[in-house]
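Input: a single structure, listed below in structure tokens.
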């Protein structure tokens, strides 16, 4: 059970419960696939984006992004990722370890860790697995196949 603290505006606050695990719920909210239950108001602005962040082990906060935080629609399809980060992302999505990624791309393991941290930040992901899932949804990498750890 996940506890949701939902702030649809600066004047309203709701506490909700969801059967989804926190990570999946955060992914659904941040990708625009989550909507509040019937009877709970949606954000005041029509095109307002919602963002979710984890507050604790089973608690998340869902809030509306301010206008200056919304990303322009004409942004580059790879977003803020550079080509080397995409290369690292694709290798990790294939199930490679950081040591294997470093060997394949001619990088140090520390550089691979730095690229993974930047990728997580770019997707506002809490984990590398979550970042890979979001990247796969955007078509930046192939999603991992079943049975291979991420």
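In the numbering used here, the protein residues as written are -11 to 138.
Beta carbons are placed, not taken as given, at the ideal position from N, Cα and C, and that holds for glycine.
**Message:** Whole angstroms are fine: how far does the CA of residue 93 sit from the CA of residue 78?
**Reply:** Mapped onto the chain shown, residue 78 falls at position 90. Mapped onto the chain shown, residue 93 falls at position 105. Near 11 Å, if we compare the C-alpha coordinates of residue 93 and residue 78.
**Item:** Status (buried if at least 16 other CB within 10 Å, exposed otherwise) for residue 86
**Value:** Against the chain shown, residue 86 aligns to sequence position 98. Residue 86 comes out buried.
**Contact set for residue 129: own chain, Cβ-Cβ below 8 Å, skip 5 residues either direction** = For the purposes of this step, residue 129 is taken as the residue at position 141 of the chain shown. Hits under 8 Å: 74, 77, 78, 81, 120, 123.
**Asked** Mapping DSSP to helix, strand and coil, what is residue 52?
**Response** Residue 52 sits at position 64 when you count from the first residue of the chain shown. Strand.
**Asked** What does a CB cutoff of less than 6 Å around residue 41 pick up in its chain, not counting 5 residues either side in sequence?
**Response** Position 53 of the chain shown, counted from the start, is the residue given in the question as residue 41. Excluding positions up to five away in sequence, the list reads 49.
**Request:** Reducing DSSP to helix, strand and coil, say where residue 6 ends up.
**Result:** By one-based count along the chain shown, residue 6 stands at place 18. Note: residue 6 maps to strand in three-state DSSP.
**Message:** By DSSP's criteria, residue -9 is part of a beta bridge. Which residues make up the other side?
**Reply:** The residue given as residue -9 occupies position 3 in the chain shown. In the DSSP output, where bridge partners are listed per residue, residue -9 has 5, 47.
**Prompt:** How would you call residue 23, buried or exposed, if buried means at least 16 neighbouring beta carbons within 10 angstroms?
**Reply:** Residue numbering aside, residue 23 sits at position 35 when the chain shown is read from its first letter. By the 10 Å Cβ count, residue 23 comes out exposed.
**Asked** Can you tell me where the beta strand (DSSP E) with residue 40 in it begins and where it stops?
**Response** For the purposes of this step, residue 40 is taken as the residue at position 52 of the chain shown. Residue 40 -> beta strand (DSSP E) spans 38 to 42.
**Asked** How long is the line joining the alpha carbons of residue 96 and residue 108, rounded to whole angstroms?
**Response** Looking up residue 96 in the chain shown gives position 108. Looking up residue 108 in the chain shown gives position 120. Rounded to whole angstroms, residue 96 to residue 108 spans 19 Å at the Cα level.
**Request:** Classify residue 3 as buried or exposed, calling it buried when 16 or more other Cβ atoms lie within 10 Å of its own Cβ.
**Result:** Counted from its first residue, the chain shown places residue 3 at position 15. Exposed, because fewer than 16 other Cβ atoms sit within 10 Å of the Cβ of residue 3.
**Asked** Bridge partners of residue 0, per DSSP?
**Response** To locate residue 0, count along the chain shown from 1; it is residue 12. According to DSSP, which records beta bridges pairwise, residue 0 is partnered with -3.
**Prompt:** Nearest-angstrom Cα distance between residue 52 and residue 101?
**Reply:** Here the question's residue 52 lines up with position 64 in the chain shown. Here the question's residue 101 lines up with position 113 in the chain shown. Rounded to the nearest angstrom, the two C-alpha atoms are 31 Å apart.
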